[in-house]
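Asker:
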Amino acid sequence: MAETLAEPARPAEADRASGGLAAYRALLRAQARSQTAYRTSFVVDLVGNVGATVFDVVTVLVLFGVTTELGGFTLREALVIVGISSFAFATADLLVGNIERLPRYVRTGLFDAVLVRPLGALPQLLLMDLPLRKVSRALFGLAVLVVAVTSAGIDWTPGRLALVVVAPVAAVVFFGAVFVTTATVSFYWIDSGELANSVTYGGRDFTSYPITVYDGWFRALFAYGMGFAFVSYHPALALLGRADPLGLPAWVGWTAPGVALVAAAVAAVAWRVGIRHYRSTGS
Amino acid sequence: MSVIEVHGLRKEFTVRVKAGRLRREKRMVTAVDGVDLRVERGEMLGYIGPNGAGKSTTLKMLTGVLMPSAGQARVCGLRPVAERTRLALRIGVVFGQRSQLWWDLPLRDSFDLLRHVYRVPAAGHAARLRRCRDLLDLDEFLDTPVRQLSLGQRMRGELTAALLHGPEVLFLDEPTIGLDVVSKQAVRGFLAELGRAGDTTLVLTTHDLADIERLCRRLVVIDHGRVVHDGSIAALHSRYGSRRLVVAELDTALAAPPTLPGAPLHRVEADGHRLVYALESAGVAEVVAGLAGLAALRDISIVEPDIEEVVARLYRSPAQV
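Protein chains in written order, with my numbering: chain A, 1 to 283; chain B, 1 to 321.
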């Protein structure tokens, strides 16, 4: 006992970075094994999960059934916007969306368990509860995006080729940051779920349409107060080579990655501050 | 340097209480109120107190889960919250109500995952796992998914999980709560073995004082967030006046129970056939000798003081603080 249980086995500092990645990979493997343990139910979930995303896109198509223009945009143009939005939201929801279950993690004690391990709390929670069944949604969103950008008659330049890859990735980062930031509110206020949902799902709906369909303070708040205009609207304008009907210069579309990084930084700070206010539960 | 050093540790929570139909009042609750503690390497410390005394809150601050409101804590020379992940490699934690295991996977898989999480060399991990399997009889349920384990089996799994990376300090929050007698014995026996090896420091909170009597030479009692006793179990007894009792069974009742120096009469039972003396300055031999000269003794027994009773008295009398 003395020899085997008490002899400490600490890795050298140098091993830690690579060891950390291996640890996260192991967590991901465990999650995959846990979820696919019930094979049939996993397949049913996988199929069922496409539903919500299909619905978003169908809504746009139905709108164009009664009108030929939406906020000054044609169907093909509007599809680029909804394509970026649904791909980005579905992917962020897959990777980060479950952080909205933070109050449950706190209640069940998972959060305490995660904090006593030698890894970051946020990546652990995300990997330990990664909803793999949502992969189908993200793939559907990607398909919509590919169809939209190939059929929109975009005048391809090297810059636009780069943007068509970078902008959706930036949009994923942005939505991920929104998920994390709104979830941290529950560190202070445990019943904040509805408010968080109104920002995350509200943001998804907002970014599915050209922002010209909205008006007044509502548009100002969501588009520029929270930054949702940079998710799909401005990048789509830059890809399509269209001037902004609202008058912002053309280069704004290219700032999307920068805005996403700012959002990620805000989320990181919110998370760190939130953890320090964490109060655990009794016993 | 001590393994654990704590100075003036405090934790305050604000709770909102209803004050009228819509209005809510903020109220400050102090869960831990200035705890000082120093624990040396290899010590086994029992940390006890009534519900809500601040035991778990203290442990959470020492393991980096909760940020203290004030005061300082160093565990293995590290600041628990600021250096949480570095500290995690050097401590093991078992929260009785929390699990470190993967619910849907066989127990064996959780152990393997923790090897990656803690980045432990395979050889040391395998050796420690082998020892735990022997001492805790894990083999029969090693391939069972954790969700199907009994509480006792799961707790043995949790203990193993906390030790596979060879921690210097093991924190245990209510490790025997809800366990059946056999599992309790297994867990206690295992921890006693760990303590005998002498390298692992153990901090244990519990409701079950039998855990303490079996495992810990040092006892810290906390009440209302403050330390009200820090010392050996014997010191607790002498401080709060609990005494060993000598019970003498007599063949024939005496007209008047004899007075013995240094051992006052505690009570008389069975119509004078049973006399109970409390040992103060006198030893057992003196009491027996004193009685033997006066009456025919049928039987003598010695009753050890009951720690439960002492602690209950301690909780009830905040005036003694």
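Glycine residues also receive a C-beta, built at the ideal position from the N, C-alpha and C atoms. This one's a predicted model, so the numbers in the text were calculated from it and none came from an experiment.
Since I believe LEU59 of chain B is in contact with THR205 of chain B (beta carbons under 8 Å), could you give me their beta-carbon distance rounded to a whole number of angstroms?
Answerer: Yes, they are in contact, since the Cβ atoms of THR205 of chain B and LEU59 of chain B sit about 6 Å apart, within 8 Å.
Asker: When you compare each of B:VAL120, B:GLY166, B:VAL81, B:GLY225 to TYR47 of chain B by their alpha carbons, which one comes out closest?
Answerer: Measuring from the Cα of TYR47 of chain B, the nearest candidate turns out to be B:GLY225.
Asker: If you run the structure through DSSP and keep just helix, strand and coil, what is GLN185 of chain B?
Answerer: Reduced to three states, the DSSP call for GLN185 of chain B is helix.
Asker: Please confirm if SER192 of chain A has its CB atom under 8 Å from at least one CB of chain B.
Answerer: Cβ-Cβ to chain B under 8 Å: no for SER192 of chain A.
Asker: Is HIS277 of chain A buried or exposed, if buried means 16 or more other CB atoms sit within 10 Å of its CB?
Answerer: That one is exposed.
Asker: According to DSSP, simplified to helix, strand and coil, what is ALA312 of chain B?
Answerer: Three-state DSSP puts ALA312 of chain B in a helix.
Asker: Assign HIS273 of chain B to one of three DSSP states: helix, strand, or coil.
Answerer: The answer is coil: DSSP assigns HIS273 of chain B none of H, G, I, E or B.
Asker: Applying a beta-carbon distance threshold of less than 7 Å, which residues of chain B neighbour ARG117 of chain A?
Answerer: What ARG117 of chain A touches in chain B: ALA88, VAL117.
Asker: Whose C-alpha, out of B:VAL39, B:ASP230, B:VAL15, is nearest the C-alpha of ARG24 of chain B?
Answerer: For the residues B:VAL39, B:ASP230, B:VAL15, the minimum Cα distance to ARG24 of chain B belongs to B:VAL15.
Asker: Please list the terminal residues of the continuous alpha helix (DSSP H) segment that includes GLY176 of chain A.
Answerer: Start and end: 158-188.
Asker: For MET28 of chain B, report the span of its beta strand (DSSP E) as first-last.
Answerer: Element bounds for MET28 of chain B: 24-39.
Asker: Can you tell me where the beta strand (DSSP E) holding ASP109 of chain B begins and where it ends?
Answerer: Per DSSP, ASP109 of chain B belongs to no beta strand (DSSP E); it is in the alpha helix (DSSP H), 107-117.
Asker: Roughly how many whole angstroms lie between the Cα atoms of ILE233 of chain B and ARG38 of chain B?
Answerer: If you take the alpha carbons of ILE233 of chain B and ARG38 of chain B, they lie about 17 Å apart.
Asker: Find the residues of chain B that neighbour ASP129 of chain A, judging by a C-beta separation of less than 9 Å, and give them in chain order.
Answerer: Ordered by position in chain B, no residue passes the 9 Å Cβ test against ASP129 of chain A, which lies about 11 Å from the chain.
Asker: Identify the contact partners of ASP112 of chain A in chain C, using a Cβ-Cβ distance below 8 Å as the criterion.
Answerer: No chain C appears in the structure shown, which is made up of the protein chains A and B.
Asker: Might you give, ordered along the chain, the residues of its own chain that have their beta carbon closer than 6 Å to the beta carbon of THR30 of chain B, omitting 5 neighbours on each side?
Answerer: The residues are GLU12, GLY225.
Asker: Excluding sequence positions up to five away, which residues of its chain have a Cβ less than 7 Å from the Cβ of LEU87 of chain B?
Answerer: Hits under 7 Å: GLY64, VAL75, CYS76, LEU78, PRO80.
Asker: So GLY72 of chain A packs on THR212 of chain A, CB below 8 Å; how close in whole Å?
Answerer: Contact flag correct, Cβ pair sits at about 5 Å.
Asker: My understanding is that PRO257 of chain A touches TYR233 of chain A, with C-beta atoms under 8 Å, so please give their C-beta distance in whole angstroms.
Answerer: Not really, about 15 Å apart at Cβ, beyond 8 Å.
Asker: Beta carbon of ALA92 of chain A, beta carbon of VAL172 of chain A: below 8 Å?
Answerer: Going by C-beta atoms, ALA92 of chain A is nearer than 8 Å to VAL172 of chain A.
Asker: DSSP on GLU158 of chain B, reduced to helix/strand/coil?
Answerer: GLU158 of chain B falls in the helix class under three-state DSSP.
Asker: Taking the C-alpha atoms as reference points, what is the distance between PRO235 of chain A and ALA162 of chain B?
Answerer: Cα to Cα, the separation comes out at about 50 Å.
Asker: Leaving out the 5 sequence neighbours to the left and right, which residues in its chain are closer than 6 Å to ASN49 of chain A when beta-carbon positions are compared?
Answerer: Excluding residues within five positions, the ones whose Cβ falls inside 6 Å are ARG133, LYS134, SER136, ARG137.
Asker: If you run the structure through DSSP and keep just helix, strand and coil, what is ALA32 of chain A?
Answerer: ALA32 of chain A falls in the helix class under three-state DSSP.
Asker: Mind checking whether ALA263 of chain B and TYR277 of chain B have CB atoms under 8 Å apart?
Answerer: The answer is yes: Cβ separation under 8 Å.
Asker: Does any C-beta atom of chain A lie closer than 8 Å to the C-beta of PHE13 of chain B?
Answerer: True, the Cβ-Cβ gap to chain A drops below 8 Å.
Asker: What residue range does the alpha helix (DSSP H) around GLN124 of chain A cover?
Answerer: Taken as a continuous stretch (DSSP letters only), the alpha helix (DSSP H) holding GLN124 of chain A covers 121-128.
Asker: Between THR255 of chain A and PHE230 of chain A, which are expected to be in contact by the criterion C-beta below 8 Å, what is the C-beta distance as a whole number of angstroms?
Answerer: Sure, about 7 Å apart at Cβ, within 8 Å.
Asker: Are VAL299 of chain A and ILE275 of chain A touching if we call contact CB-CB under 8 Å?
Answerer: The shown model of chain A, from 1 to 283, leaves out residue 299 of chain A, and the question about it has no answer.
Asker: Whose CA, out of B:SER183, B:VAL288, B:VAL311, lies closest to the CA of ALA235 of chain B?
Answerer: Nearest option by C-alpha distance: B:VAL311.
Asker: Between THR201 of chain B and chain A, is the shortest Cβ-Cβ distance under 8 Å, so that the two count as touching?
Answerer: It does not; no Cβ of chain A falls within 8 Å.
Asker: Could you say if the stretch 147-164 of chain A and the stretch 114-123 of chain A meet the contact criterion of at least three C-beta pairs nearer than 8 Å?
Answerer: Cβ pair count under 8 Å is below three, so no.
Asker: Along chain A, in chain order, which residues have C-beta atoms closer than 7 Å to that of THR85 of chain B?
Answerer: Those within 7 Å of THR85 of chain B in chain A are PRO118, LEU119.
Asker: Spell out a yes or no on whether the stretch 293-309 of chain B and the stretch 240-257 of chain B are touching, meaning 3 or more CB-CB pairs, one atom from each, closer than 8 Å.
Answerer: Contact holds: three or more Cβ-Cβ distances are below 8 Å.
Asker: In the DSSP assignment, find the unbroken alpha helix (DSSP H) run with MET61 of chain B in it and report its ends.
Answerer: 55-62 is the extent of the alpha helix (DSSP H) around MET61 of chain B.
Asker: Find out if the Cβ-Cβ distance for the pair GLY227 of chain A, VAL259 of chain A is shorter than 8 Å.
Answerer: Cβ atoms of GLY227 of chain A and VAL259 of chain A: closer than 8 Å.
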